[in-house]
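Participant: Pasting in a structure now, in structure tokens, and then I'll have a few things to ask.
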């Protein structure tokens, strides 16, 4: 049996987002209803956190929700590369069950040394990364 997995979803309140008219607040229940309506078995849930964005959903919340719905949700984590302890946070999130990194929204060049540190850490931890 093959599974249909949506590899880019979010939960949280996105009332200020440019696409808010479509979603607004995305609760776990609403996301499951959306998945069911579209015949999707599981969803990768991406937190949003960056010094550059207003609408934020912490990794800790994503982990909590994914633990409540392990049959439907796959937790990813996000770290802000401009924060001094981001590598420690990344390792902790993996210990707490995260299996990938994303959505990476820091508005610094893709080849910036801090991003390169993140890529190296993801490689060591064998984590896929979603932009």
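In the working numbering, the protein residues as written are 84 to 214. Glycine is no exception: its CB is placed at the ideal position from the N, C-alpha and C atoms.
Can you tell me which of the three DSSP states residue 89 falls into?
Facilitator: strand
Participant: If distances are taken between C-alpha atoms only, which option among 200, 157 and 183 comes closest to residue 167?
Facilitator: 200
Participant: Give a yes or no on contact between the region 139 to 146 and the region 113 to 121, applying the rule of three or more CB pairs nearer than 8 angstroms.
Facilitator: no
Participant: Should residue 130 be labelled buried (16 or more other beta-carbon atoms within 10 Å of its own) or exposed?
Facilitator: By the 10 Å Cβ count, residue 130 comes out buried.
Participant: Using alpha carbons as the reference points, say which of 151, 164 and 213 lies closest to residue 189.
Facilitator: 164
Participant: What's the C-alpha gap between residue 124 and residue 182?
Facilitator: Their Cα atoms are separated by approximately 17 angstroms.
Participant: Give the secondary structure of residue 191 by DSSP, where H, G and I count as helix, E and B as strand, and everything else as coil.
Facilitator: In this structure, DSSP gives residue 191 a state outside helix and strand, which the three-state scheme calls coil.
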